[in-house]
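**Student:**
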Amino acid sequence: MIDTIFDSITYLSIQRAVLASILCGIGCSILSVFVVLMKMPLIGVSMSHAAFAGAVLGMMLGVNPFLSGLIMCMAAAALLGPVSDRTDLVPENILGIMFSFLMGIAFLGMGIITRTKADALNLMWGNMLTLTETDMWILLSATSSTILFILLFFKEIRLILFNRRLALLSGIPEKPIYYALLFLTGIVVSSNLTTVGGLLIFALLVQPGATALQLTYNLKLFFIIAIASGVSASISGLVLSYVFDVPAGASIVIMATVIFTLSYIFSPKRKG
Amino acid sequence: MNRFVIEMEGITLHKAKNILLDHINLCFSEGEFAGIIGPNGAGKTTLLNVIAGFERFTGRLSLFGQDQTWHRDRNITIRIGYVPQVLEIDRSFPILAYEVVLTGCLGRTGLFRLPEKKEKERSEEVMEMLRIKDMAKKPFGRLSGGEQQKVILARAIIQEPHILLLDEPASNLDMAVQKEFMDLISDIHKKKGMTILLVTHDFNLLPASLRRGILINKGKIVFDGDIRTATSGEVLSALFKYNLETFERNGKRFVSYD
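Chains as they are written, first to last, in numbering that gives the first Met the number 0: chain F, 0 to 271; chain A, 0 to 257.
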């Protein structure tokens with residue numbers, strides 16, 4: 000009796016873990032296309048640290064960590080937008096300062112939290128096997144809104160990624176779409192604190208896009224390759240974590256790096 | 000009835016403590032082709048940026064008879080074409096040449112709509128005119144500097160602007176390509192009749208159809224009038240504080256750097 004209950008719980012959590020890694024792979028891969036093509040890899044770092052710091056603060060104050068992480072991400076996005084618009088600041092420097100500051104806040108928070116340190120550590124590398132139904136719904140809505148956004152604004156997004164100045168000259172709503180991209184990054188990152196965690200998600204926000212960059216000149220294909228490599232990294236990482244009993248976040252990131260390295264070695268763009 | 004497409008009155012722009020533009024008064028009528036000439040840092044690009052809506056300024060700017068702030072409505076934006084001096088792009092960016100050209104239509108097409116057949120045909124026409132049709136399906140990053148610049152010009156033209164702003168469009172190109180590029184711009188002016196402002200510091204490349212020369216230095220206009228007077232040895236030597244001589248051959252005026 001107890002065994003069957005235990006089995007069904009494991010079954011459910013494995014089901015969730017598989018679904019979550021697919022959703023995480025899709026959402027992060029789409030965003031990695033922006034991160035890579037805008038050549039601002041630190042956006043991913045800053046966002047993930049903002050989410051992480053926000054979540055730790057939330058734990059301290061007894062607020063839902065997803066919510067506080069999301070709020071922190073939104074604040075980071077609201078700051079990043081104007082910073083990247085200014086020509087007298089080097090965005091990389093500001094982003095670097097911001098993410099180290101946020102990391103400081105996060106560790107400060109972890110130092111203060113005494114009772115639930117394990118929970119806080121989970122936010123760092125996530126735990127695919129302890130996902131709740133709410134976690135799943137949050138993840139599903141974050142990923143599907145990202146997909147919807149890309150489908151609706153594909154041609155505008157392409158021009159903004161290509162050159163923001165030309166986008167402005169074309170008379171398209173460049174700023175609203177650009178800011179929406181930043182906010183979406185925040186939403187996806189904070190919804191994935193529970194899956195791969197705030198520390199390692201950065202890898203998934205760069206590697207799928209970087210992999211696609213090695214392989215194609217077609218932006219539609221670019222998204223597809225990124226998603227395929229992101230999802231295969233997260234699924235194979237999940238399997239590895241199950242087999243070797245290691246944190247899923249860690250094995251997913253390692254798989255993503257392996258996939259990127261392969262794409263770099265076999266890149267037709269680099270040879271031609 | 001107001002025939003000026005651009006009117007500027009006392010346009011002034013400061014950055015930190017530097018004056019970039021100092022009480023600029025200029026008017027351009029419909030279909031005019033003018034050259035804006037001056038040394039580096041004179042404020043030529045800033046002037047174009049004010050018209051395009053990239054800079055905040057004080058003074059009065061009117062476009063198509065409507066007063067403007069730095070913020071532009073879409074219906075004004077799409078009537079201004081701009082070819083920047085250098086375009087910061089990633090050579091491996093996934094976009095093909097004709098896709099770059101078609102982005103010129105986005106403002107007119109509007110959100111949630113794809114470019115129609117009519118727009119695709121128009122882009123092919125423009126690419127044919129600029130002799131870049133063969134490379135339509137090539138990745139933009141794989142084109143040479145001259146080809147890329149022509150693609151960006153095609154993009155601006157397909158936007159069907161009433162004003163075309165060119166910021167040293169040929170400065171990164173080799174001499175033969177520079178000449179070809181300028182001839183194309185002359186052609187466009189003849190065929191499309193748009194108002195063209197061409198920023199340059201190279202007088203030997205001024206197209207023959209360009210009649211008006213505006214010399215600008217330290218944010219001030221120092222000469223505005225006939226291009227032949229503007230490019231006379233004395234006027235240019237004073238502007239660049241360097242002894243420049245001009246001579247004519249085959250009816251064209253050349254500037255020599257002494």
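Glycine residues also receive a C-beta, built at the ideal position from the N, C-alpha and C atoms. Note that the structure is a prediction, hence the values are computed from the model and not measured.
Kindly give me the distance between the Cβ atoms of residue 163 of chain F and residue 173 of chain F, rounded to whole angstroms, as I take these residues to be in contact under 8 Å.
**Tutor:** As a working mapping, residue 163 of chain F is identified with position 164 in the first sequence. As a working mapping, residue 173 of chain F is identified with position 174 in the first sequence. Rounded, the Cβ-Cβ distance is 6 Å, consistent with contact.
**Student:** Measuring CB atoms only, is the stretch 134 to 147 of chain F touching the stretch 28 to 37 of chain A, in the sense that at least three cross pairs come out at less than 8 Å?
**Tutor:** no
**Student:** With a Cβ-Cβ cutoff of 8 Å, do residue 93 of chain A and residue 165 of chain F count as a contact?
**Tutor:** Taking the second sequence and counting its residues from 1, one reaches residue 93 of chain A at position 94. Taking the first sequence and counting its residues from 1, one reaches residue 165 of chain F at position 166. No. Outside cutoff.
**Student:** Might you give, ordered along the chain, the residues of its own chain that have their beta carbon closer than 7 Å to the beta carbon of residue 188 of chain F, omitting 5 neighbours on each side?
**Tutor:** As a working mapping, residue 188 of chain F is identified with position 189 in the first sequence. Contacts found: 46, 47, 50, 72 and 200.
**Student:** Can you give me the start and stop residues for the beta strand (DSSP E) that residue 92 of chain A sits inside?
**Tutor:** As a working mapping, residue 92 of chain A is identified with position 93 in the second sequence. Per DSSP, residue 92 of chain A belongs to no beta strand (DSSP E) and is neither H nor E.
**Student:** Flag this pair as yes or no: are the beta carbons of residue 130 of chain F and residue 192 of chain F separated by less than 8 Å?
**Tutor:** If you number the first sequence from 1, residue 130 of chain F lands on position 131. If you number the first sequence from 1, residue 192 of chain F lands on position 193. No, the Cβ-Cβ distance between residue 130 of chain F and residue 192 of chain F is not below 8 Å.
**Student:** Report yes if the CB atom of residue 229 of chain F is closer than 8 Å to the CB atom of residue 254 of chain F, and no otherwise.
**Tutor:** As a position in the first sequence, residue 229 of chain F is number 230, starting the count at 1. As a position in the first sequence, residue 254 of chain F is number 255, starting the count at 1. No; because the gap between Cβ atoms is not below 8 Å, this pair is not in contact.
**Student:** Return the residue from the list A/4, A/44, A/32 and A/30 that minimises the CA-CA distance to residue 20 of chain A.
**Tutor:** What you label residue 20 of chain A is simply residue 21 of the second sequence in a count that begins at 1. Of the listed residues, the one whose Cα sits closest to residue 20 of chain A is A/44.
**Student:** Out of curiosity, what's the CA-to-CA distance linking residue 246 of chain F and residue 205 of chain F?
**Tutor:** Translated into the one-based positions of the first sequence, residue 246 of chain F becomes position 247. Translated into the one-based positions of the first sequence, residue 205 of chain F becomes position 206. One Cα belongs to residue 246 of chain F, the other to residue 205 of chain F, and the distance between them is close to 20 Å.
**Student:** So, at 6 Å on beta carbons, what are the nonlocal neighbours of residue 253 of chain A in its own chain, with the 5 sequence-adjacent residues on each side left out?
**Tutor:** Mapped onto the second sequence, residue 253 of chain A falls at position 254. Cβ neighbours of residue 253 of chain A beyond the five flanking positions: 203 and 246.
**Student:** In three-state terms, what does DSSP make of residue 201 of chain A?
**Tutor:** Along the second sequence, read from residue 1 onward, the residue named residue 201 of chain A stands at position 202. Of the three classes helix, strand and coil, the one that applies to residue 201 of chain A here is coil, per DSSP.
**Student:** Between residue 224 of chain F and residue 215 of chain F, is the Cβ-Cβ spacing less than 8 Å?
**Tutor:** Counted from its first residue, the first sequence places residue 224 of chain F at position 225. Counted from its first residue, the first sequence places residue 215 of chain F at position 216. In contact: residue 224 of chain F and residue 215 of chain F (Cβ atoms closer than 8 Å).
**Student:** Rounded to whole angstroms, what's the CA-CA distance from residue 84 of chain A to residue 72 of chain A? Just pull it up for me.
**Tutor:** Against the second sequence, residue 84 of chain A aligns to sequence position 85. Against the second sequence, residue 72 of chain A aligns to sequence position 73. Their Cα atoms are separated by approximately 24 Å.
**Student:** For residue 190 of chain F, I'd like the list of residues in its chain whose CB is within less than 6 Å of its CB, leaving aside the five on either flank, ordered along the chain.
**Tutor:** Mapped onto the first sequence, residue 190 of chain F falls at position 191. Excluding sequence neighbours, residue 190 of chain F sits near 137, 138 and 141.
**Student:** Would a check of beta-carbon distances place residue 164 of chain F closer than 8 Å to chain A?
**Tutor:** As a working note, residue 164 of chain F is residue 165 in the first sequence. By this cut-off, residue 164 of chain F is an interface position.
**Student:** Within this structure, are the beta carbons of residue 258 of chain F and residue 240 of chain F separated by less than 8 Å?
**Tutor:** In the first sequence, residue 258 of chain F corresponds to position 259, counting from 1. In the first sequence, residue 240 of chain F corresponds to position 241, counting from 1. Contact flag unset, no.
**Student:** Quick one: does residue 143 of chain A have its CB under 8 Å from some CB of chain F?
**Tutor:** Reading the second sequence from its first residue, position 144 is the one you call residue 143 of chain A. Cβ-Cβ to chain F under 8 Å: no for residue 143 of chain A.
**Student:** Please tell me whether, using a cut-off of 7 Å, the distance from the CB of residue 53 of chain A to the nearest non-hydrogen atom of the ligand COA is below it.
**Tutor:** This structure lacks the ligand COA; in fact it carries no ligand of any kind.
**Student:** From this set, A/224, A/89, A/4 and A/82, which residue's C-alpha is nearest residue 75 of chain A's C-alpha?
**Tutor:** As a working mapping, residue 75 of chain A is identified with position 76 in the second sequence. Comparing Cα positions, the closest option is A/4.
**Student:** State the Cα-Cα distance for the pair residue 81 of chain A and residue 38 of chain F, rounded to the nearest angstrom.
**Tutor:** Numbered from its first residue, the second sequence carries residue 81 of chain A at position 82. Numbered from its first residue, the first sequence carries residue 38 of chain F at position 39. In a straight line, the C-alpha of residue 81 of chain A is about 24 Å away from that of residue 38 of chain F.
**Student:** Where do the N-terminal and C-terminal ends of the alpha helix (DSSP H) with residue 219 of chain F fall, by residue?
**Tutor:** Position 220 of the first sequence holds residue 219 of chain F. The continuous alpha helix (DSSP H) containing residue 219 of chain F extends over residues 218 to 243.
**Student:** Is the CB of residue 68 of chain A under 8 Å away from at least one CB in chain F?
**Tutor:** For the purposes of this step, residue 68 of chain A is identified with residue 69 of the second sequence, where counting begins at 1. No, its Cβ sits nowhere closer than 8 Å to a Cβ of chain F.
**Student:** How many angstroms separate the CA atom of residue 183 of chain A from the CA atom of residue 197 of chain F?
**Tutor:** Locating residue 183 of chain A in the second sequence gives position 184, where the first residue counts as 1. Locating residue 197 of chain F in the first sequence gives position 198, where the first residue counts as 1. Those two C-alpha atoms are separated by around 54 Å.
**Student:** Would you mind sorting residue 99 of chain F into buried or exposed? The rule is 16 or more other CB atoms within 10 Å of its CB.
**Tutor:** Numbered from 1 along the first sequence, position 100 holds the residue referred to as residue 99 of chain F. Exposed, since its Cβ has fewer than 16 Cβ neighbours within 10 Å.
**Student:** Less than 6 Å between C-beta atoms, sequence neighbours within five positions excluded: which residues of the same chain meet that for residue 61 of chain F?
**Tutor:** Residue numbering aside, residue 61 of chain F sits at position 62 when the first sequence is read from its first letter. Once the five neighbours on either side are set aside, residue 61 of chain F has no close Cβ partner at all.
**Student:** Return helix, strand or coil for residue 111 of chain A, following the three-state DSSP convention.
**Tutor:** For the purposes of this step, residue 111 of chain A is taken as the residue at position 112 of the second sequence. Residue state, collapsed to three classes: coil.
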